[in-house]
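Colleague: This note's numbering numbers the first residue of the sequence shown as 98 and each following residue consecutively.
We treat Cβ as the ideally placed atom computed from N, Cα and C, and that holds for glycine.
Predicted model, so just to flag it, every value in this text is computed and none were measured.
Please read through the structure below; I'll follow up with questions.
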Amino acid sequence: MSSQPSTNTNVTAIDAPRRALSARQAATVEGLTEAAMAELSAVGYSALTVRNVAKRAGVAPATAYTYFGSKEHLVAEVFWRRFRSQPAAEPSGSVVDRATGVLSSFALLVADEADLAAACTVAVLADDPDVSVLRERIGTELHRRLLAALGSSATPSVVTTLQYAVSGALLQVGTGHLGYDALPEVLENIAETVLGASR
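Okay, here's the thing in structure tokens:
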């Protein structure tokens, strides 16, 4: 999974990347994302289709495709919504503690949901213009949270390095070379190394 390091603070947090939404449209998108999570649990990512998600949500396939052009787009939206709704940690402890808190909360966002975690690992890396927009939003939000947590220690090189590091760690998880349970310690070591080197 990639957080795509970004310094673009002008990315807007609208619900779907293709359009601004009315209240009714937002409710439709919400229903589709909820149905996507249920469908993932039922059939897994390989069998997931936008058409079947639409059926589960009770909308026409054409309606679903209005908002989501692919299953990758749909799953990436699920991850983005989950991250966006996660409260930012209150800054406390040392700068390493604060950085580790932000990185761990991001990296472990879907760790307890195996089907969703596996799907997000694939979907967020997809070569899809709509997914690319969501990657930018995810990266921008992670960047914002790191800036808030690190304060005066948040130099551009430090923040970018931490974003690349958490992306790399998640790729290791996705390929089976690292377990989610090991991530907090790995990310703490990374934060200590990066922030120590920045002093």
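Nearest-angstrom Cα distance between Val207 and Ser249?
Modeller: Within the sequence shown, numbered from 1, the residue matching residue 207 stands at position 110. Within the sequence shown, numbered from 1, the residue matching residue 249 stands at position 152. Those two C-alpha atoms are separated by around 30 Å.
Colleague: Pull up the distance between the alpha-carbon of Val193 and that of Glu238, whole angstroms please.
Modeller: On the sequence shown, residue 193 is found 96 positions in, with the first residue counted as 1. On the sequence shown, residue 238 is found 141 positions in, with the first residue counted as 1. Rounded to the nearest angstrom, the two C-alpha atoms are 19 Å apart.
Colleague: Pop quiz: Glu169 and Val150 are said to be a contact at Cβ under 8 Å. What is the actual Cβ separation, rounded to whole angstroms?
Modeller: In the sequence shown, counting from the first residue as 1, residue 169 sits at position 72. In the sequence shown, counting from the first residue as 1, residue 150 sits at position 53. The pair is not a contact, with the Cβ atoms about 12 Å apart (cut-off 8 Å).
Colleague: Compare the C-alpha of Arg179 against each of Asp225, Leu243, Ala246 and Leu205 and name the closest.
Modeller: For this step, residue 179 is matched to residue 82 along the sequence shown. Selected option, being the one with the closest Cα: Leu205.
Colleague: If Ala186 sits next to Val199, beta carbons under 8 Å apart, how far is it from one beta carbon to the other, in whole angstroms?
Modeller: The residue you call residue 186 lines up with position 89 of the sequence shown. The residue you call residue 199 lines up with position 102 of the sequence shown. Contact holds; Cβ gap of about 6 Å.
Colleague: Just list the alpha helix (DSSP H) runs in the region 204-270, keeping only unbroken ones of 4 residues or longer that don't cross its boundaries, in chain order.
Modeller: Here the runs fully enclosed are 211-220 and 226-247.
Colleague: Pull up the distance between the alpha-carbon of Ala223 and that of Ala215, whole angstroms please.
Modeller: As a first step, residue 223 must be located in the sequence shown, where it is residue number 126. As a first step, residue 215 must be located in the sequence shown, where it is residue number 118. Near 13 Å, if we compare the C-alpha coordinates of Ala215 and Ala223.
Colleague: Can you grab the Cα-Cα spacing for the pair Ser138 / Lys152, in whole Å?
Modeller: Here residue 138 refers to the residue found at position 41 when the sequence shown is read from its first residue. Here residue 152 refers to the residue found at position 55 when the sequence shown is read from its first residue. Each residue's alpha carbon lies about 15 Å from the other.
Colleague: Could you work out which residue in Thr197, Thr130 and Ile287 is closest to Leu247 when comparing CA atoms only?
Modeller: Residue mapping note: residue 247 aligns to position 150 of the sequence shown, counting from 1. The shortest Cα separation from Leu247 among Thr197, Thr130 and Ile287 belongs to Thr197.
Colleague: Using only the heavy atoms of the ligand NAD, determine whether one of them is closer than 8 Å to the beta carbon of Ala151.
Modeller: Because no ligand of any kind appears in the structure shown, any question about the ligand NAD cannot be addressed here.
Colleague: Please report the straight-line C-alpha distance between Val298 and Ser254, rounded to a whole angstrom.
Modeller: This structure leaves residue 298 out entirely; the chain is present only between 98 and 296.
Colleague: Within the region 156-190, note down every full alpha helix (DSSP H) run reaching 4 residues or more, in order along the chain.
Modeller: DSSP runs (the alpha helix (DSSP H)) wholly in the region 156-190: 158-164 and 168-182.
Colleague: Buried or exposed for Arg234, going by 16 or more other Cβ atoms inside 10 Å?
Modeller: Within the sequence shown, residue 234 is the residue found at index 137, counting from 1. With 16 or more Cβ atoms within 10 Å of its Cβ, Arg234 is classed as buried.
Colleague: Taking all protein chains shown into account, do 16 or more other C-beta atoms lie within 10 angstroms of the C-beta of Arg195, making it buried, or fewer, making it exposed?
Modeller: As a position in the sequence shown, residue 195 is number 98, starting the count at 1. Counting Cβ neighbours within 10 Å, Arg195 comes out buried, since at least 16 surround it.
Colleague: Using beta-carbon positions only, say whether Leu118 and Phe176 come within less than 9 Å of one another.
Modeller: Position 21 of the sequence shown holds residue 118. Position 79 of the sequence shown holds residue 176. Cβ distance not < 9 Å, so Leu118 and Phe176 don't count as in contact.
Colleague: Kindly indicate the opening and closing residues of the alpha helix (DSSP H) around Pro138.
Modeller: Locating residue 138 in the sequence shown gives position 41, counting from the first residue. Sequence inspection shows Ser at residue 138; the Pro mentioned does not correspond to that position. Segment Ala120 to Val140, the alpha helix (DSSP H) holding Ser138.
Colleague: In three-state terms, what does DSSP make of Ser202?
Modeller: The sequence position of residue 202 within the sequence shown is 105, counting from 1. Reduced to three states, the DSSP call for Ser202 is helix.
Colleague: What separation, rounded to the nearest whole angstrom, lies between the Cα atoms of Cys217 and Asp278?
Modeller: Here residue 217 corresponds to residue number 120 of the sequence shown, with the count starting at 1. Here residue 278 corresponds to residue number 181 of the sequence shown, with the count starting at 1. Going from the Cα of Cys217 to the Cα of Asp278 covers about 18 Å.
Colleague: My guess is that Val140 and Pro158 are in contact by the Cβ rule of under 8 Å, so how many angstroms apart are they, rounded?
Modeller: Along the sequence shown, one-based indexing puts residue 140 at 43. Along the sequence shown, one-based indexing puts residue 158 at 61. Incorrect: roughly 16 Å between the Cβ atoms, too far for contact.
Colleague: Within 10 angstroms of the Cβ of Asp227, are there 16 or more other Cβ atoms? Answer buried if so, exposed if not.
Modeller: Within the sequence shown, residue 227 is the residue found at index 130, counting from 1. When all chains shown are included, Asp227 counts as buried.
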